[in-house]
Amino acid sequence: MWLAGPPGFAALYDAELPQKDGLCGPFWLSLALRASGVLAGDGIELGQDAVAVAAGSKLAKGDPSRWLPPRETSRADYHLDLPVVDEDASGTSVAGLVRAADQLGRDALAIVAIAGPWDEEAVGALFETAAVDRTALLLANVQTGAFVGSHASFRQLTEAAQGNASELPGSDWDVGHFVNPMLYLEGPHSALVLIRDTYPSLGADGHHWQTAGSLAAALARNDGRQGGVLVLCSPVARSSIEATAATAGLRVEIWDNGTPT
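All you need for the numbering used here is the position in the sequence shown, starting with 1, plus 159.
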């Protein structure tokens, strides 16, 4: 199952990499809105900054390199003023992203929040749920420390998915993050998921494979915060996706990722 997003999304993604420091959620929502035909809001280019303002995003005090994956450099070319707060209060809340999508979407984009519960089976159900709309985009709020290293070989991953003993590299970094699961590849024993990330150093130009189990663990999180997935879809598909999610045993609700709303 392949969910690549609205037409033109991939080209916008390639041109926008990497995300600006602290704005992983607004990075994805700005691209989804632009790919859906929403080009500007209140006369301001609908980039990461404008979405961050609408979502109430807050930057963390201190050296941003502490929250970057290895081999990445800081990107702080902000066009709008964003509040700077202590690390524990920084980031973008899920409720804020939903609010920003409603405020800026102009009826071109709808959003469905799915809060789990997360295991390998739920990851497959998530893709089946979102596939009601073939232009849907998944935005997963994860703890990256549960991921397999982004440069794990495909052979290592397929062997692990088949239940064969294979030592997989550990995660590149460990932060709360938003990523785009875009392809679900099911095998006889388990499944792999292709992740589109916000940094080109991760995997191959920002694309890396995870097992369905590692994605489920990253969504479940073990850092005291909650994870989940936002399904960005066409407005006409929203009610069908909500109904399909409920039938699959997935909770349709906003979760608390620890960032104050």
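Don't be surprised by glycine CBs; every beta carbon is placed ideally from N, CA and C.
Q) Which term fits Phe313, buried or exposed, when burial requires 16 or more other beta carbons within 10 angstroms of its beta carbon? A) So Phe313 ends up on the exposed side.
Q: Over the uninterrupted beta strand (DSSP E) stretch that includes Thr317, give me the two end residues.
A: Segment Phe313 to Ala320 is the alpha helix (DSSP H) holding Thr317; no beta strand (DSSP E) there.
Q.
Measuring only the C-alpha atoms, how far is Asp356 from Phe168?
A. Straight-line Cα distance between these residues: approximately 14 Å.
Q | Alpha-carbon spacing of Ala267 relative to Leu192, whole angstroms | A | Spanning the two alpha carbons is a distance of roughly 8 Å.
Q) Should Pro276 be labelled buried (16 or more other beta-carbon atoms within 10 Å of its own) or exposed? A) A residue is called buried when at least 16 other Cβ atoms come within 10 angstroms of its Cβ; Pro276 does not meet this threshold and is exposed.
Q: Please classify Arg225: does DSSP put it in a helix, a strand, or coil?
A: When DSSP states are grouped into helix, strand and coil, Arg225 belongs to the helix group.
Q) Who does Thr370 pair with in a DSSP beta bridge? A) Under DSSP, the beta-bridge partners assigned to Thr370 are Leu351.
Q: Take the Cβ of Val271 as the centre, count every other Cβ of all protein chains shown within 10 Å, and call the residue buried at 16 or more, exposed below.
A: So Val271 ends up on the buried side.
(Q) Just to confirm the assignment: which complete beta strand (DSSP E) runs, minimum length 3, are found wholly within the stretch 282-309? (A) For the stretch 282-309, whole beta strand (DSSP E) runs of length 3 or above, ordered along the chain, are 296-302.
Q) What did DSSP end up calling Gly181 once you bin it into helix, strand or coil? A) DSSP places Gly181 in coil when its eight states are reduced to three.
Q) Between the stretch 359-379 and the stretch 281-291, are three or more C-beta pairs nearer than 8 Å? A) Contact between the stretch 359-379 and the stretch 281-291 is present, because at least three Cβ pairs lie under 8 Å.
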